[in-house]
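Residue numbers (this note's numbering): 4 to 162.
For every residue, glycine included, the Cβ atom is placed at its ideal position computed from N, Cα and C.
No experiment lies behind these values; they were computed from the predicted model shown.
Heads up: the structure comes next, in structure tokens.
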Amino acid sequence: KEVQRGSIGFLRGSESTADRKRKKSAVEDALKQTFRPEFLNRIDEIIIFDELTEEQLHQIVELMLGDMEERLAERGIGVSLTPEAKSWLAKEGFDRLFGARPLRRTIQRFVENPLSKRILQGEFREGDTVLVGLDPTGLVFTRTRSRKRRKKGSASKAM
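See the structure below:
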């Protein structure tokens, strides 16, 4: 049976001033109030995770964007995001309760889906490099570089 975490042992507040032993004790107390001793005896270890820092969030954004960049590179399309766009994604995709879990969906919703739609519509094609930036309305997609494409039949025949 799956145990839903609800609010059991999830502490908020100043992580930098909290004492790890006190945090662990508070989590253990919350578990004791919620679960029967028979269940708690089956738990081998309790692990306390610290809240993600802004730097760690940016690293996660970089990793997730790297996956997308690799997939697009296979199709001959380059993509890069401005630091402002990356920071915006980190802020939008972070939730105090769920951490960085919503970040994948945020990147998909605000970068991958709009970019895919524009590729399907022919706005961006093989050889293009797309810059994703930020303006007051949200993320903006701009072609920054495009390889010259040869038109069919334009190659001259040597005789």
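Distance from G130 to G79 at the Cβ level is roughly 6 Å; contact confirmed, criterion being Cβ atoms closer than 8 Å. D22 sits in coil when the DSSP states are folded into three classes, being neither helix nor strand. Only buried fits I110, as 16 or more other CB atoms lie within 10 angstroms of its CB.
Between G69 and the set V143, V114, T37, P139, the nearest pair of CA atoms involves V114. With contacts defined as CB atoms closer than 8 Å, V133 and A88 fail to qualify as a contacting pair.
Note that the C-beta distance between L106 and V64 is below 8 Å.
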